Structure formats: structure tokens, C-alpha cells
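Take a look at the structure below.
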Amino acid sequence: MTGRETILARVREALADVPADETPDDVAIPRDYRRDSSLDDAAVVELFVENVIDYGATVHRLSSTTDLGETVREICHRRGVRTMIAAPGFPEQVVTGAGVVLMRDSPPMSPASLDRADAIITNAAVGIAETGTIVLVSSVGMGRRALSLVPDVHLCVVRSDQVVATVPQAMDVLGPQATRPITFISGGSATSDIELVRVEGVHGPRTLEVIVVAAEDS
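Next up, the structure:
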């Protein structure tokens, strides 16, 4: 048997006792998995930072948005960024002092134009502590999905009050926006599909810089 035939045979075996007229809505799915965390807000943010770093991303902690422009400038200098796209709705004044050429996705840039940009800067919709994930929604401050998938460097600004502990909590936050394209990002782009050799930057930015800003000053 081929792998495909083996999998299909197992599916048929598992469904053998299911009545032919049964629909998915006829059977209640238990959702008794853990949805929250016992950690306080500060510990949730610390866990988020720890796991984001574990994925190979760089994290910058800011106590005030006052330092955001300088942090962006420092990142651009260190990474050799010369051109940057600011997601529509992202505060452009943060970028203008960074010493880079600001590119705008209005009208929408072509894939070739996106590829010529060194970096993209966006906000985030939510951060997930237990998985070290940032989540983007196709909306103001985050832009369309292509923006975060093509340029080689992604700078993402996350407020500390946007960080939740678990994936179910993140889904609750995203619920009202679930009809829009949503992107989950855990570290820089990487794959080990070929001979289990890790290769970075195959299907998105290889470099992820996450800037966590304290909520009280955001």
C-alpha cells in the first residue's frame, strides 16, 4: 500500500460505524481543554518574550512609545535596512526618523516592488505567550498579508496589553475579525522539509524583530 492508501484506509475504518445520514452538527464536540492561565499579566508578557526569543527572533522591551522611533532607527542600522514599508495606518513618524526610504502600499505594490523593500513594520493584533506567536489581521496598522510575507526583515510592535496566555484566549480576541485574512507568526520564516536541514527565509521574512511596548504608555 502507498502512504495515501494507508491513510484513506484508516479514515474509512474510523468512520465505519458512523450512520450515513449523520452530519457534523449532530455530534457535540467536547471543548474541555484549558482555555486560560494562572499567570498574572506581567508573567504572561515574560513568557511571551521568552518564547519569541526561543524561536530565534529578537525582542526589544520599551517602557514608552517615546523610544519607539530610536529603536526602529537602531534596528534599521544594525540590519542594513535602507528601504522600509510601513503598513497602512502605522504611524509613519516612527519610520521617518530612522534614516530609511519610506515606501507606501497605496496603491497596492506589486510582488516585485515588495521584494525590493528591505523591511516591513507593522502593529500586531495579539501576541500568544505559550506559543511565542504574534498574530496579524489584514487591517489598519498591519496591512494585507503579502506585506509581512515578502520583505526580508519584519519589525512588529506589540503592546503588552495585547499579549494573552493561550491560543483559545487569542481566538476570543480575534473572533470579531475572523472574516479577514489572519497570519500567525512564530519566529522568522524557516523550513526543514528537505533532508531535515533547516533553511531560513524560504516563505517569508528570515528576520523577525518584535518590539514590546508597555501598555500604560502605549
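Numbering (the working numbering), first residue to last: 16 to 233.
Where a beta carbon is used, it is the ideal one built from N, C-alpha and C, also for glycine.
Note that this is a predicted model, so its numbers are computed, not measured.
Just measuring C-alpha positions, the residue of 192, 223, 197 sitting nearest residue 205 is 223. Comparing alpha carbon positions, the residue from 97, 118, 94 closest to residue 105 is 118. Annotation: residue 23 to residue 44 spans about 23 Å, alpha carbon to alpha carbon. Counting only runs of at least 4 residues, the stretch 126-166 fully encloses the following alpha helix (DSSP H) elements, listed from N- to C-terminal order: 126-131. With a beta-carbon spacing of about 36 Å, residue 212 and residue 175 fall beyond the 8 Å limit used to define contacts. Taking 7 Å as the cut-off, the Cβ atoms of residue 144 and residue 180 count as close. Annotated three-state conformation of residue 215 is strand, per DSSP.
In the DSSP assignment, residue 224 falls within the beta strand (DSSP E) that extends over 222-228.
Rounded to the nearest angstrom, the Cβ distance from residue 157 to residue 164 is 12 Å, too far for a contact under 8 Å. Here residue 60 has 144, 175, 178, 227 as same chain residues with Cβ atoms under 8 Å from its own Cβ, once five neighbours each way along the sequence are excluded. For the pair residue 40 and residue 28, the Cα-to-Cα distance works out to about 21 Å. In this structure, residue 131 lies away from residue 113, with their beta-carbon atoms at least 7 Å apart.
Residue 198: member of the beta strand (DSSP E) spanning 197-200, first to last residue.
In the three-state reduction of the DSSP assignment, residue 43 falls in the coil class, being assigned neither a helical nor a strand state. Boundaries of the beta strand (DSSP E) harbouring residue 118: 116-119, taken from the DSSP string. Sixteen is the threshold: when 16 or more other Cβ atoms of the shown chains lie within 10 Å of the Cβ of residue 153, as they do, the residue is buried. Bounds of any alpha helix (DSSP H) do not take in residue 50, whose DSSP letter is neither H nor E. Looking at the DSSP output, residue 205 shares a beta bridge with 215. In the structure shown, residue 23 falls within a helical segment according to DSSP collapsed to helix, strand and coil. If you compare the alpha carbons of 125, 121, 92 with that of residue 110, the shortest gap goes to 92.
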